[in-house]
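Chemist: Per this note's numbering, residue -5 is the first one in the sequence shown, and the count goes up by one each step. No residue lacks a Cβ here, since even glycine has one placed at the ideal position from N, Cα and C.
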Amino acid sequence: MPDVFTIDVEDWFHILETKETPDLPAWDALPSRVEGNLRALLELLDTCNVKATLFTLGWVAQRFPRLMREAADRGHEVASHGYAHQVVHGLSPAQFRDDICRAKATLEDATGRPVRGYRAPGFSITRETPWAFDEIVAAGYTFDSSVFPAPHGHGGMPDVSRHPWVVRSAAGPLVEFPISVAGTPLGPQCFFGGGYLRLFPLRLVMRMAEQVRKDGRSVIWYIHPREIDPDHPRLRMPPQRRFRSYVNLRGTAAKLKAILASGSFATMGELADRISAAAPDPRAIPLPS
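(1) Would you kindly report the start and end of the unbroken beta strand (DSSP E) that includes T261?
(2) With K251 and L35 assumed to form a contact (beta carbons below 8 Å), what rounded beta-carbon distance in angstroms separates them?
(3) Terminal residues of the continuous beta strand (DSSP E) containing L1?
(4) List the endpoints of the continuous alpha helix (DSSP H) containing G52.
(5) In the structure shown, what three-state DSSP assignment does E122 receive?
(6) Ignoring anything shorter than 3 residues, give me the beta strand (DSSP E) runs that lie fully in the region 191 to 269, in order along the chain.
(7) Here's a check: name, in chain order, each residue in its chain whose Cβ is nearer than 7 Å to the Cβ of S86, leaving out the five neighbours to either side.
(8) Could you name the residues of the same chain whose beta carbon sits closer than 7 Å to that of V154, not counting the 5 residues immediately before and after it, in chain order?
(9) Output the distance between the C-alpha atoms of P(-4) and P152, rounded to the nearest integer angstrom.
(10) Kindly indicate which three-state DSSP category V81 falls into: helix, strand or coil?
(11) How would you write the range of the beta strand (DSSP E) that V161 sits in, first residue to last?
(12) Out of R121, F137, G30, which has the shortest C-alpha to C-alpha gap to T145?
(13) CA-CA distance, H8 and A164?
(14) To test your reading of the DSSP string, which unbroken alpha helix (DSSP H) runs of 4 or more residues are found completely within the region 12 to 64?
(15) Which of helix, strand or coil does DSSP assign to P282?
(16) Quick check: what's the CA-CA separation for E221 versus A272?
(17) On the criterion of 16 or more Cβ atoms from any shown chain inside 10 Å, does P233 qualify as buried, or is it exposed?
(18) So, with DSSP's three-state summary, where would you put P276?
(19) Quick one, which of R162, P179, L243, G189 has its alpha-carbon nearest H226's?
(20) With a threshold of 7 Å, establish whether the CB of R91 neighbours any heavy atom of the ligand COA.
(21) Return the chain-ordered list of same chain residues with a C-beta closer than 7 Å to the C-beta of E264, the five sequence neighbours on each side being excluded.
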């Protein structure tokens, strides 16, 4: 199976669950860097002949519609990251519904194409929010990548399958692509995006990627545009959170070049179509209603 390269398209100030992050009404007044950073990533992807899945905030698409149209015209898949970058477990079902529907409409207006995929900010769908899958399907999405199958700061579901599986929600089926984790003596660990990718040495990252592939899984890589921009503004945060957010930013671009040259890639929508057309994996674990 090919790997999937994903980008969570958000700006430098979209850092979750810290009081230093400005509220939505203040975002328009801040100096945005997402446009330049995403363009640099698109150029890198073109050079490597890789098509990515871009989980994009509706706010970004509303502010930069031409950018999102350009990404779609280049052959990349534009998907939803919600509108206002809020963790799912901090919202009511009605608030979540409004956010993901607004994001989908905004992204479709910007790109002129249907938006099929969703990823929750912070991979924040948990066992306590099974209703989120019903809302995602009802909103018109057909695949999702919101589950972190290990302990995680914003959520996590350690007991679910690490393989793609089909959620049998009350609103219909949804193909779920959990974030890739690899087994270690200390338990499952992610090496393939965010602070994990920046912290671990490339040799270890690639070895863990091979472990995932040998298990019959695609590696789901993820990156944020700010992570190739070591000079972007910083939020004031406690030392531990600051380390996780900003460690090794200067080494990200070189790692990405090596990763993108390491194998074959497909968009998440392409893999979702393959899974939907085949018999469900017997290891699939439907969430309880």
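Modeler: So, to answer that:
(1) Counting along the chain, no beta strand (DSSP E) covers T261, and no H or E run does either.
(2) The C-beta separation of K251 from L35 comes to about 11 Å, leaving the pair out of contact by the 8 Å criterion.
(3) A quick correction: the sequence has Ile, not Leu, at residue 1. Unbroken beta strand (DSSP E) run through I1: -2 to 3.
(4) 52 to 57
(5) coil
(6) Taken in chain order, the complete beta strand (DSSP E) segments of 3 or more residues contained in the region 191 to 269 are 214 to 217.
(7) Once the five neighbours on either side are set aside, S86 has no close Cβ partner at all.
(8) Cβ within range, chain order: V141, P143, P172, I279.
(9) 24 Å
(10) Three-state result, V81: coil.
(11) 159 to 163
(12) What sits at residue 145 in the sequence shown is Pro, not Thr. Minimum Cα distance to P145 is reached at R121.
(13) 32 Å
(14) Counting only runs of 4+ residues, the alpha helix (DSSP H) found wholly inside the region 12 to 64 occupies 28 to 42, 52 to 57, in chain order.
(15) Residue placement at P282 is flagged as unreliable, the pLDDT there being 38, under the threshold of 50; the coordinate-derived value follows with that caveat. Here P282 sits in coil by DSSP.
(16) 36 Å
(17) Classification for P233: exposed.
(18) Note that P276 has pLDDT 40, beneath the 50 cutoff, so the model's placement of it is unreliable and the number below is only indicative. Coil.
(19) Answer by Cα proximity: L243.
(20) The model depicted lacks the ligand COA and carries no ligand whatsoever.
(21) none
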